[in-house]
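Visitor: Going by mature numbering (1 follows the signal peptide of the UniProt record, and there is no 0), the letters in the sequence shown line up with residues -23 to -1, 1 to 145, in that order. All residues carry an ideal CB built from backbone N, CA and C; glycine is no exception.
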Amino acid sequence: MFVKLFTVIVLLIAAVILNSVSASARKPLTHQNVTGIVTADDCVVEHYTWSCCSNFSIEEYHLSVCISFKYLEKEYGGEIKLTINDYTVIDEKLSLTNPPPICVDVPYLEKIAKVCIYLYDISYNKKHLDGCVKITGKLTIARVFEFRIGCFDIPLLADQDVRVILVQ
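#1: Please name the residue, chosen from 87, 97 and 62, that lies closest to residue 77 on a Cα-to-Cα basis.
#2: Cβ atoms of residue 117 and residue 79: under 8 Å apart, would you say?
#3: Let me know the secondary structure DSSP gives residue 104 once reduced to three states.
#4: Which value, in whole angstroms, describes the spacing of the CA atoms of residue 72 and residue 55?
#5: Using only CA atoms, which one of 95, 105, 128 and 110 lies nearest to residue 25?
#6: Which value, in whole angstroms, describes the spacing of the CA atoms of residue 44 and residue 37?
#7: Which first and last residues belong to the beta strand (DSSP E) in which residue 22 is found?
#8: For the beta strand (DSSP E) that contains residue 69, what are its first and last residues?
#9: For residue 48, which residues of its own chain have a beta-carbon under 6 Å away from its beta-carbon, when the five flanking residues on both sides are left out?
#10: Compare the beta carbon distance of residue 91 and residue 82 with 8 Å and say whether it is the shorter of the two.
#11: Following the continuous beta strand (DSSP E) through residue 87, name the residue where it begins and the one where it ends.
#12: Where residue 148 and residue 114 are concerned, what is the direct C-alpha to C-alpha distance, given to the nearest angstrom?
#13: Is the shortest distance between the beta-carbon of residue 108 and the beta-carbons of chain B less than 8 Å?
#14: Taking only runs of the beta strand (DSSP E) that begin and end inside the segment 32 to 61, which ones reach a length of at least 3 residues, in chain order?
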């Protein structure tokens, strides 16, 4: 039962992040006063930060899931944040040179289940920071799933001054 519950919870969260929940279940975001960069998959790039959010409802469960990655120029590092219903699940800084996975225990299943975020294929030049993100779910005995969320391309322009307001 725990394996099934864990799998359902994690798959729902991953589905939101991947925008693979059906259109009828998703509540689309609308953008007003956008002066930043809105990507094709409704993600936003603003001040060295790439972020994606999605809202969905399945029966009585309502979730708003956001993941963001912020480039920290002075540290050649990054900060990754995952929030669910405005509750911060992950907020970690890491080096961009071979970054380690960031893992958290699954609530109520702390002793047997973890969810991890991996950054990989990171490249950097004076104009862009590129990389990809994936999420894995693990039980103490095996990896349950792996989802590649997607890749980011953050422009690194010194005079970049953008502001994005998201309205639901």
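Guide: Per the coordinate set shown:
#1: Ranked by how close their Cα comes to the Cα of residue 77, the residues 87, 97 and 62 have 97 in first place.
#2: no
#3: Reduced to three states, the DSSP call for residue 104 is coil.
#4: 6 Å
#5: 105
#6: Going from the Cα of residue 44 to the Cα of residue 37 covers about 23 Å.
#7: 21 to 23
#8: 64 to 72
#9: Closer than 6 Å at Cβ, skipping near neighbours: 25, 55, 106 and 131.
#10: Cβ distance < 8 Å, so residue 91 and residue 82 count as in contact.
#11: Going by DSSP, residue 87 is part of no beta strand (DSSP E) at all; its letter is neither H nor E.
#12: Nothing can be reported for residue 148, as the shown portion of the chain is limited to -23 through 145.
#13: Looking for chain B here will not work: only one protein chain is present.
#14: 38 to 49 and 54 to 61
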